[in-house]
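S.K.: Each residue of the sequence shown is one higher than the one before, counting from 328 in this note's numbering.
Ideal Cβ positions, reconstructed from N, Cα and C, are used throughout, including at glycine.
This one's a predicted model, so the numbers in the text were calculated from it and none came from an experiment.
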Amino acid sequence: METFAHLAGAVALLLWGIRTVRTGVERLLGPRIEAHVAMLTGRRTGAFGVGAAVAFALQSSTAVRLMAASFYAGGVLALPAGLAAALGAEVGSSLAAAVLNVDVALLAPVLLVAGYITFSVARERRGKHVGRIILGLAFILTSLSLMSTATAILGANEDAADIIRIASTYPAALVLVAALATWLMHSSIAAILMIAHLAGGGGLPPEAALWMVVGVNAGSALPALVSGWTLAGPARELLVAAFAMRIAAVAVCALVLAAPGIGDLAAVQFAAGHVILAHLALNVAMAVALLPFVGIIAALVRRAAPKRAPEGGRAASHIFLAPEDVRHPGTALINIANEAARVAHIVYDMVGGISELFWHGDADARIKSLEDDVDRLYREVTLYMASIRLDELDDDERRQWFELFEFVTHLEHVGDIITRNIIDLAKRKRKAGLDFSPAGAREIEGLTAELSDIFRYAQAVFLSRDPHRAEELVAAKRRFRSHTLDSQRRHALRLSSGVTSSIASSRIHLDLLRELQRINSHLTAVAYPLLPEAS
328 METFAHLAGA VALLLWGIRT VRTGVERLLG PRIEAHVAML TGRRTGAFGV
378 GAAVAFALQS STAVRLMAAS FYAGGVLALP AGLAAALGAE VGSSLAAAVL
428 NVDVALLAPV LLVAGYITFS VARERRGKHV GRIILGLAFI LTSLSLMSTA
478 TAILGANEDA ADIIRIASTY PAALVLVAAL ATWLMHSSIA AILMIAHLAG
528 GGGLPPEAAL WMVVGVNAGS ALPALVSGWT LAGPARELLV AAFAMRIAAV
578 AVCALVLAAP GIGDLAAVQF AAGHVILAHL ALNVAMAVAL LPFVGIIAAL
628 VRRAAPKRAP EGGRAASHIF LAPEDVRHPG TALINIANEA ARVAHIVYDM
678 VGGISELFWH GDADARIKSL EDDVDRLYRE VTLYMASIRL DELDDDERRQ
728 WFELFEFVTH LEHVGDIITR NIIDLAKRKR KAGLDFSPAG AREIEGLTAE
778 LSDIFRYAQA VFLSRDPHRA EELVAAKRRF RSHTLDSQRR HALRLSSGVT
828 SSIASSRIHL DLLRELQRIN SHLTAVAYPL LPEAS
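1. To the nearest angstrom, how far is it from the Cα of arginine 726 to the Cα of alanine 408?
2. Can you tell me which of Leu525, Leu410 and Leu341 puts its alpha carbon nearest to the alpha carbon of alanine 626?
3. What residue from Glu683, Ile715, Ala852 and Ala517 has the CA that sits closest to phenylalanine 539's CA?
4. Assign leucine 367 to one of three DSSP states: helix, strand, or coil.
5. Thinking C-alpha only, which one of Ile749, Gly688, Leu342 and Gly546 is nearest threonine 469?
6. Does the region 666-683 come within contact of the region 696-712, defined as at least 3 CB pairs closer than 8 Å?
7. Might you give, ordered along the chain, the residues of its own chain that have their beta carbon closer than 7 Å to the beta carbon of proline 856, omitting 5 neighbours on each side?
8. Does the region 374-383 come within contact of the region 415-424, defined as at least 3 CB pairs closer than 8 Å?
9. Beta-carbon within less than 6 Å of valine 543's beta-carbon, same chain only, minus the 5 sequence neighbours each way: which residues are those?
10. For glutamate 451, does the count of other Cβ atoms within 10 angstroms reach 16, so buried, or fall short, so exposed?
11. Would you kindly work out how many angstroms separate the C-alpha atoms of leucine 462 and isoleucine 444, rounded to a whole number?
12. Does aspartate 723 come out as helix, strand or coil in the three-state DSSP assignment?
13. Tell me which same chain residues have a C-beta within less than 6 Å of the C-beta of glutamine 844, skipping the five on either side of it?
14. Label isoleucine 846 either buried or exposed according to how many other C-beta atoms from any shown protein chain fall within 10 Å of its C-beta, with 16 as the threshold for buried.
15. Check whether the region 757-776 and the region 804-823 are in contact - that is, three or more C-beta pairs closer than 8 Å.
16. When the Cβ atoms of the region 699-710 are set against those of the region 730-748, are three or more pairs found closer than 8 Å?
17. Is the CB-CB distance between glutamate 606 and alanine 424 below 8 Å?
18. Hey, could you find the ends of the alpha helix (DSSP H) arginine 757 is sitting in?
19. For glycine 546, which residues in the same chain have their Cβ closer than 8 Å to its Cβ, ignoring the five residues on either side in sequence?
20. Report yes or no: is there a C-beta of chain B within less than 8 Å of the C-beta of glycine 344?
21. Report, in whole angstroms, the separation of the C-beta atoms of arginine 354 and glutamine 386, which I expect to be a contact under 8 Å.
22. From the DSSP output, in three-state form, read off asparagine 662 for me.
23. Which same chain residues, not among the five before or five after isoleucine 287, have their C-beta less than 7 Å away from its C-beta?
24. Please list, in chain order, all residues of the same chain as methionine 521 whose beta carbon is under 7 Å from its beta carbon, the five residues on each side excluded.
25. Roughly how many whole angstroms lie between the Cα atoms of proline 533 and histidine 601?
26. Under three-state DSSP, which class holds phenylalanine 789?
27. Measuring alpha carbon to alpha carbon, tell me which residue in Asn665, Arg821, Leu850 and Phe647 is nearest tyrosine 784.
28. According to DSSP, is aspartate 689 part of a helix, a strand, or is it coil?
29. Alpha carbons only, please: which of Phe685, Ala649 and Phe789 is nearest the one belonging to glycine 760?
30. Smallest Cα separation from leucine 439: which of Ile460, Ala608 and Glu666?
31. In the structure shown, what three-state DSSP assignment does glycine 825 receive?
32. Identify the continuous alpha helix (DSSP H) that holds arginine 716 and give its terminal residues.
33. Exposed or buried, tyrosine 497, counting other C-beta atoms within 10 Å across all chains shown (16 or more means buried)?
34. Rounded to the nearest angstrom, what separates alanine 548 and valine 801 at their Cα positions?
35. Mapping the DSSP letters down to three states, classify glutamine 815 as helix, strand or coil.
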């Protein structure tokens, strides 16, 4: 019983070490990882390579699958490239397991000390993340040392050996147990390392170890499938296709392994004695066999997938971001401009609904729904932009790329101000049962209407790139600022006159004026690159 407790502790430390490394890498390189994956549209070999590299760095094929599924659902990654990335992810995680299985026990205490010092001394986040990665690697190596000790004791125990020997006569049970263990641990690396140490310590017969390798590979696709089932329909298509490819390959491997006399082959005997290499070889073979056919598999998946009905006119996903246009930057930039106009239309509706928030509680849900659409489109647009190589753009295209990025980012900020700040102000007003004074309410109505006019003019400036209109937009911004200051002064006069409703709602009124001014600044930012002095 004590041995099983030690083994369970070693597995727990191994899982924590893998999680620590993954967290450190994600925080250190997260945005760059997403940008590199997003750049793989239509490039299957590149998708395979980056999928392997990211899985190796994150020590998680599940993370890569979910990332690829998200990008495919957003239209940034083509389905064949997403499937290629999933194949690469399994090879990458297998390589990570092979590297971690190298006997470097003396390195663990060195990494513990180095990681602790790096994490403690570092003042910037980057240094903290590096220290976290080093500590995670130290935890992994320490856990493997503990696991080796526990499995050696387990292998020498006659009762445990009898139980394992009996279980080894039921390959299906071994596959099922290994698959479930992999799913529960959410880590094929941890599962395969545990099996390798059990086999190496004599606690698991070689043939049984091979069957458990099959089970680990069957179970490695389950965490992504289960975790990603709540994603949008296209994301599920990729996850189901990746799962089907994996199960098909594992089934072929199981049939070969069950063939009479197969265990007498030298290659099989070698694989049985080298579990990690067998795991790596299976994934490499799977990639070599399936990578040339991901296009055909993708076509079959799209044909078999149910047709998705439109979502009641909501901007649930992009319309113009065609992945194949990324190879033609001029066309891709036009696509982005069209999609940015859709984002602007949604945010315009949100700005127009600001006044409604303070008098109708049911307006919150509508505005938040619009913000969800803005967030979704903003992510899809920015990932699509990340897939365009800036070094392939000329000066005008590069300028346009940055202007588009700034424009959609300002729109996204406007949406955030409304949902995070203005909705909160409206809730506070309603909850406290407060009312604006009649004059204050008219001022707010007038300012929000003026803000809508500025929004329309900002959109015209963005589309026309007319310097004269840009100057007029800046003038409108200054007038709006003057009007908000006038509203503040009139509000102060009402306070000094003892207007009860103004006194009660003073803080909310002033905070709202501040948020409207922030929105004004974001909307009119589009004008400044076009002013004569900017040239």
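M.R.: Result, derived from the coordinates:
1. A direct Cα-Cα distance of roughly 29 Å separates arginine 726 from alanine 408.
2. It is Leu410 whose Cα lies nearest to the Cα of alanine 626.
3. As written in the sequence, residue 539 is methionine, which differs from the phenylalanine given in the question. Of the candidates Glu683, Ile715, Ala852 and Ala517, the one whose C-alpha sits nearest the C-alpha of methionine 539 is Ala517.
4. At leucine 367 the pLDDT is 49, less than 50, meaning the model places this residue with poor confidence; the figure from the coordinates comes in the next sentence. Collapsing the DSSP output to three states places leucine 367 in coil.
5. The candidate whose alpha carbon is nearest that of threonine 469 is Leu342.
6. When Cβ pairs closer than 8 Å are counted between the two stretches, the region 666-683 is seen to touch the region 696-712, the count reaching three or more.
7. Cβ contact annotation for proline 856 (same chain, cutoff 7 Å, sequence separation greater than five): Glu730, in chain order.
8. The answer is yes - the region 415-424 touches the region 374-383, with three or more Cβ pairs under 8 Å.
9. Here the set comprises Ala505, Thr509, Ser515, Ala518 and Ile519.
10. Glutamate 451 should be labelled exposed.
11. Separation of leucine 462 and isoleucine 444 (C-alpha to C-alpha, rounded to the nearest whole angstrom) is 10 Å.
12. Reduced to three states, the DSSP call for aspartate 723 is helix.
13. Excluding residues within five positions, the ones whose Cβ falls inside 6 Å are Thr811.
14. Under this definition isoleucine 846 is a buried residue.
15. By the Cβ test, the region 757-776 is in contact with the region 804-823, since at least three Cβ pairs between them sit closer than 8 Å.
16. Touching, yes.
17. The sequence given here has histidine at residue 606, not glutamate. Taking 8 Å as the Cβ cut-off, histidine 606 and alanine 424 qualify as a contacting pair.
18. That run of the alpha helix (DSSP H) goes 750-758.
19. Ala505, Ala506, Leu507, Ala508, Thr509, Trp510, Ser515 and Ala518.
20. Reference to chain B is not applicable here, since this structure consists of a single protein chain.
21. Between the beta-carbon of arginine 354 and that of glutamine 386 there is about 14 Å, and that puts the pair past the 8 Å contact cut.
22. Here asparagine 662 sits in helix by DSSP.
23. No answer is possible for residue 287: the residues shown for the chain start at 328 and end at 862.
24. Here the set comprises Val338 and Met474.
25. Here the alpha carbon of proline 533 sits roughly 9 Å from the alpha carbon of histidine 601.
26. Looking at phenylalanine 789 - three-state DSSP - the assignment turns out to be helix.
27. Nearest of Asn665, Arg821, Leu850 and Phe647 to tyrosine 784, Cα basis: Leu850.
28. DSSP places aspartate 689 in coil when its eight states are reduced to three.
29. Comparing Cα-Cα distances from glycine 760 to each of Phe685, Ala649 and Phe789, the minimum goes to Phe685.
30. Checked all of Ile460, Ala608 and Glu666; the closest Cα to leucine 439 is Ile460.
31. Coil, per DSSP.
32. In this chain, arginine 716 is not harboured by any alpha helix (DSSP H), its DSSP state being neither H nor E.
33. By the neighbour-count rule (16 or more Cβ atoms within 10 Å), tyrosine 497 is not buried but exposed.
34. Distance between the alpha carbons of alanine 548 and valine 801 is about 55 Å.
35. Three-state DSSP puts glutamine 815 in a helix.
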